[in-house]
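Novice:
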Amino acid sequence: MPAFARAITWLSDGVWGPWNTAVGQVPGPLVLLLLGVGLFLTLRYRFIQVRRFGEAARTIVPKQSGSGGVLTPFQAFMTALAASIGTGNIAGVATAVVAGGPGAVFWIWCYGFFATAIKFTEATLGTRFRLNRPGGVSSGPMYYLRDGLGSPKLAWVYALVAGVAALTTTPFTQPNSIAVAFQSEFSINPWVSGAIIAVLTWLVIIGGVKTIGRAVEKLSPLKVFLYLAGGLFVIAVNAGRLPEVFAAIFHDAFSLQAATGSAAGLGVMVAMRYGLARGVYANEAGYGTAAVAYGTARSDRPVQQGLNAIIEVFVVSFVTSSISALT
248 MPAFARAITW LSDGVWGPWN TAVGQVPGPL VLLLLGVGLF LTLRYRFIQV RRFGEAARTI
308 VPKQSGSGGV LTPFQAFMTA LAASIGTGNI AGVATAVVAG GPGAVFWIWC YGFFATAIKF
368 TEATLGTRFR LNRPGGVSSG PMYYLRDGLG SPKLAWVYAL VAGVAALTTT PFTQPNSIAV
428 AFQSEFSINP WVSGAIIAVL TWLVIIGGVK TIGRAVEKLS PLKVFLYLAG GLFVIAVNAG
488 RLPEVFAAIF HDAFSLQAAT GSAAGLGVMV AMRYGLARGV YANEAGYGTA AVAYGTARSD
548 RPVQQGLNAI IEVFVVSFVT SSISALT
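Following our numbering, the numbering of the sequence shown begins with 248 at its first residue and continues without gaps.
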C-alpha cells in the first residue's frame, strides 16, 4: 500500500503541479487546461454566466416541459446538484485550505466562475446529443463525443474511465465521510452506518431514474437549506472575524510566501493547485457527469439545460463551498 500511495502521489503531483523550472514554479498541466478551457469558453460565449444569469435563475422551474427525457427539468437540475453537493464541498474545501492555505479559497471561486462555462457546455451537449430509447433515455459525454465530435474511440475511452471512477470513488468517499462523522460524534460503528446508507440508497435507485428524480427533487433543497442555515449561523456568531478571514484569502491567493497553518512557506502556485483540484472535485465541471443528468430532462431546449447548469455551479462554488470555507 505505501508503494501504491507513493505512485498516486507522484501522478497527482505530476498532473496538478506545481512544477519546478529554471524560471521558478509553474502550474501543472491540469491547472492550465482547466483555466484555459474555462477562459476560452467564457470568451467564446461572451460571458454567458454573467449575461444570462438572471434568465437562468428565473427559468430553473420552467412553465412546461418538452419532449424526450424522463425527468422534469427541475428534477434533472436537482439530480445534478445532488451529485455535486457532498464531500467535495465540505471535506474537499477544508482540505484545500489546510494544504494550500486560505488563498486556495480564492482559486476555488476563480475556477467556479470559469467552470460555469464548462458545465454550460456539458449540459447543453448532453441534451443535444442524447439518445432517446423506448422507455428511457441515454445521455452523457460518450454520446456527444461519438455523434457530435465523430470520435467513437474517444467515446469508448471516456465511458471506460467514467465507469471505473463511478465504481471506485463516489461509492466509497461519500459513505466513508458520513460513517466517520457518525463514529466521531455518536460512536456508531462504521459498518452500521454503511449498512444503513446502503439500504437507503438501494430503496431509491431500485425504482430507476424517475424514482431518483423524485427523491432528489425533495431532498436536495432540504439539505442545501439545512447546510446554509447551520453555516450562516456559525458565520453570524463569528462575524467579527470576517474581515481578517477575507483579508487572508485575498492576500495568500497571490502571496509568494503564504504562511498560514500547515501551508507555511507555500506560495501562490500551491494555493492555485489545491484550489483548482478541490474546486473541480466540488462542482464536477470538467467531469462530464452533468451531461448525464441534464440529458434526462424532458426538454427541447438544450441551451436552457445549460443555463440551469450555470446556477448549479453558482450554488456549489459560491454558496456551499464558501460556507464551508468560512466556517
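Even glycine gets a Cβ: it sits at the ideal position worked out from N, Cα and C.
When DSSP labels each residue in this structure, what does Val317 get in the three-state scheme?
Specialist: Reduced to three states, the DSSP call for Val317 is coil.
Novice: Which residue's Cα is closest to the Cα of Ala538: Thr368, Leu479, Pro468, Thr268?
Specialist: Ranking Thr368, Leu479, Pro468, Thr268 by Cα distance to Ala538 puts Thr368 first.
Novice: Are the segment 512 to 521 and the segment 347 to 354 touching by the rule of at least three beta carbon pairs closer than 8 angstroms?
Specialist: Segments in contact, yes.
Novice: Counting pairs of Cβ atoms below 8 angstroms between the segment 391 to 403 and the segment 551 to 566, do you hit three or more?
Specialist: Verdict: no, contact absent.
Novice: Just reading off the alpha helix (DSSP H) that Val408 is part of, what are its end residues?
Specialist: Run containing Val408: 399 to 415, per the alpha helix (DSSP H) assignment.
Novice: Tell me the DSSP bridge mates of Ser385?
Specialist: Note: Ser385 sits in a beta bridge opposite Leu378.
Novice: Can you look up Val273 in the DSSP assignment and give me helix, strand or coil?
Specialist: Val273 falls in the strand class under three-state DSSP.
Novice: Quick one: what's got a C-beta closer than 7 angstroms to Leu277's C-beta in the same chain, skipping five residues either side?
Specialist: Closer than 7 angstroms at the Cβ level, and outside the excluded window around Leu277, lie Val262, Trp263.
Novice: Measuring straight from C-alpha to C-alpha, what distance separates Thr415 and Leu407?
Specialist: Between Thr415 and Leu407, the C-alpha separation is close to 12 angstroms.
Novice: Identify whether Thr368 lies in helix, strand or coil by the three-state DSSP scheme.
Specialist: Helix.
Novice: Tell me the residue span of the beta strand (DSSP E) that contains Asn267.
Specialist: Note, Asn267: beta strand (DSSP E), 266 to 268.
Novice: Determine which residues share a DSSP beta bridge with Ala544 and list them.
Specialist: Answer is Leu318, bridged to Ala544.
Novice: Could you tell me the boundaries of the alpha helix (DSSP H) in which Glu491 lies?
Specialist: It spans 489 to 501 - the alpha helix (DSSP H) in which Glu491 sits, taken as one unbroken run.
Novice: If we count the other Cβ atoms within 10 Å of its Cβ and call it buried at 16 or more, is Arg525 buried or exposed?
Specialist: When all chains shown are included, Arg525 counts as buried.
Novice: Within the continuous alpha helix (DSSP H) that includes Ala532, where are the two ends?
Specialist: Note, Ala532: premise wrong, no alpha helix (DSSP H); not H, not E.
Novice: For Ala506, does the count of other Cβ atoms within 10 angstroms reach 16, so buried, or fall short, so exposed?
Specialist: Unreliable placement is indicated for Ala506, whose pLDDT of 42 sits below 50; the coordinate value is still reported in the next sentence. So Ala506 counts as exposed.
Novice: Roughly how many angstroms separate the alpha carbons of Pro490 and Arg548, rounded to a whole number?
Specialist: Roughly 43 angstroms separates the two Cα atoms.
Novice: So, for Thr458: in the same chain, excluding its five sequence neighbours on each side, which residues have a beta-carbon less than 7 angstroms away from its beta-carbon?
Specialist: The answer, listed in chain order, is Val451.
Novice: Who are the near neighbours of Gly478 in its chain, counting only those whose CB is closer than 6 angstroms to its CB and skipping five residues on each side?
Specialist: Ile570, Thr574.
Novice: By Cβ distance, which residues of its chain are closer than 6 angstroms to Asn336, with the 5 residues on each side in sequence left out?
Specialist: Answer for Asn336: Ala529, Thr567, Ser568, Ser571, listed in chain order.
Novice: Quick check: what's the CA-CA separation for Gly285 versus Trp266?
Specialist: If I take the Cα positions, the gap works out to 21 angstroms.
Novice: Which residue wins for smallest C-alpha separation from Gly275, given the options Phe287, Ser259, Thr289?
Specialist: Ranking the options by Cα distance to Gly275, first place goes to Ser259.
Novice: Start and end of the alpha helix (DSSP H) containing Val456?
Specialist: 456 to 484 is the extent of the alpha helix (DSSP H) around Val456.
Novice: Out of Ala494, Pro468, Leu281, Trp257, point me to the one whose CA is closest to Phe576's CA.
Specialist: Nothing about residue 576 can be reported from this structure: the residues present for the chain run from 248 to 574 only.
Novice: So which of Val297, Ala364, Trp257 has the shortest CA-CA distance to Leu288?
Specialist: Residue Ala364 is the option with its Cα nearest to Leu288.
Novice: Is Phe251 helix, strand or coil when you go by DSSP?
Specialist: Phe251: helix per DSSP, three-state reduction.
Novice: Should Gly535 and Ala409 be called a contact, given that it needs their Cβ atoms to be closer than 8 angstroms?
Specialist: Closer than 8 angstroms, so yes.
Novice: Here's the rule I'm using: 16 or more other beta-carbon atoms within 10 Å means buried, otherwise exposed. How should Val481 be labelled?
Specialist: By the neighbour-count rule (16 or more Cβ atoms within 10 Å), Val481 is not buried but exposed.
Novice: Note the first and the last residue of the continuous alpha helix (DSSP H) segment covering Ile337.
Specialist: Where Ile337 is concerned, the enclosing alpha helix (DSSP H) stretches over 334 to 347.
Novice: Return the chain-ordered ranges of every alpha helix (DSSP H) run that is complete within the segment 411 to 453 and spans a minimum of 4 residues.
Specialist: Whole alpha helix (DSSP H) segments, 4+ residues: 417 to 433, 437 to 452.
Novice: Rounded to a whole number of angstroms, what is the C-alpha to C-alpha distance between Val345 and Leu401?
Specialist: C-alpha separation (whole angstroms): 36 angstroms.
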